[in-house]
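When you line the sequence shown up against the numbering used here, it's residues 1109 to 1394, in that order.
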Amino acid sequence: MSSRTEWSISAPDTLEFTEPVNALNVRTAGGTVNVVGTPDGGPARLEVSEIDGEPLTVTYEDGTLTVAYDDLPWKGFLKFLDRKGWRHRAVVSVTVPAAARVEVGVVGASAVVSGISGRTDLRGVSGDSTLVGLSGAVRAETVSGSIEAQGVTGDLRFHSVSGDLTMIDGGGGGVRADSVSGDMTLDLDPVAKGADIQLTTVSGEIAIRLADPADARVEANTTTGSVANAFDDLRVSGWGPRQITGTLGAGTGKLKATTVSGSLALLRRPAFEDSPAGPSTEKKGL
């Protein structure tokens, strides 16, 4: 038989869970959500430091910890609107074992998820989110919220209507991203060899910074946008629609980027950023 425990939180409070937590589901509107994975697999801990309006319902059942407003179900989450009439606001911090599966849904709230090695699913109606040091598979879907991913090494899937995607030191095996009007900016770590990257946007701009030497087969195009290319081994062709094609290094990775009206840029990551820090010899002009 399953065992279920439930709490209703209407004021700042802290809960610690001695039972194992294998999965976390957070659904909030307003405020902030902060999820941190602990590599030592220690006990889970929930802190609600601020709450205004409707109480949060916390449940624990068969290894799954849920922190949510009752009127925000996970199914169909992205169809919710950021309704100003809702009395919802909470600042929530959760610590769980790094291997836990994490699901976070936010409406009009910001979210930070860090140190998780299990799968992470993020859904956001509005409000920006940050993903830091995730090594498991990541799926992020937003309506208008932007996503910043720092040091994410797991496969990343991103879908948005108007939200932007920014990836810093990306070292994952694959990135699949599509958006209607959001911009996409990727800065790839030198360890991201053989990565499969596919980006598609209608009116957003795409900028990708690759390590030098890079290792990928490149096919990038824009219908009406401008083009910038920093690699001599790649060829820019076309008069109306423009294309950047060619092979960098052994071509073990794949880079495919498409935008209809946005600009397209392939940039070179300076070599000095990949070497150990030392005295700078760069001359700076005034």
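Ideal Cβ positions, reconstructed from N, Cα and C, are used throughout, including at glycine.
In the three-state reduction of the DSSP assignment, residue 1266 falls in the strand class, which pools E and B. The beta carbon of residue 1258 sits closer than 6 Å to those of 1240 and 1276, all from its chain and outside the five residues before and after it, given in chain order. A distance of 8 Å or more separates the beta carbons of residue 1161 and residue 1130. In the three-state scheme derived from DSSP, where H, G and I count as helix and E and B as strand, residue 1242 is classed as coil. According to the DSSP assignment, residue 1279 belongs to no beta strand (DSSP E), since it is labelled neither H nor E. Going by DSSP, residue 1209 is part of the beta strand (DSSP E) stretching over 1209 to 1215.
When beta bridges are read from the DSSP output, residue 1205 appears opposite 1146. By the CB criterion at 8 Å, residue 1302 and residue 1355 fall outside the cutoff. Residue pairing of residue 1255 in beta bridges, as defined by DSSP: 1237 and 1273. Looking at the DSSP output, residue 1337 shares a beta bridge with 1374. Non-local beta-carbon contacts of residue 1201 in its own chain, meaning distances under 6 Å to residues more than five positions away in sequence, involve 1142 and 1155 in chain order. Counting every other CB atom within 10 Å of its CB across the protein chains shown gives residue 1205 a total of 16 or more, marking it as buried. A contact is defined here as three or more CB-CB pairs under 8 Å, and the stretch 1277 to 1296 meets this definition with respect to the stretch 1261 to 1268. Contact between residue 1316 and residue 1342 does not hold, since the beta-carbon distance rounds to 12 Å and is not under 8 Å. For residue 1166, the closest alpha carbon among the candidates 1353, 1136, 1186 and 1195 is that of 1136. Partner residues in the beta bridge of residue 1219, as assigned by DSSP, are 1141 and 1237. Of all alpha-carbon atoms in 1365, 1253 and 1270, the one lying nearest the alpha-carbon of residue 1306 is that of 1365. Pairing residue 1244 with residue 1233 gives a Cβ-Cβ distance that is not under 8 Å.
Judged by beta-carbon spacing, residue 1278 lies beyond the 8 Å limit of residue 1291, meaning their Cβ atoms are not closer than that value.
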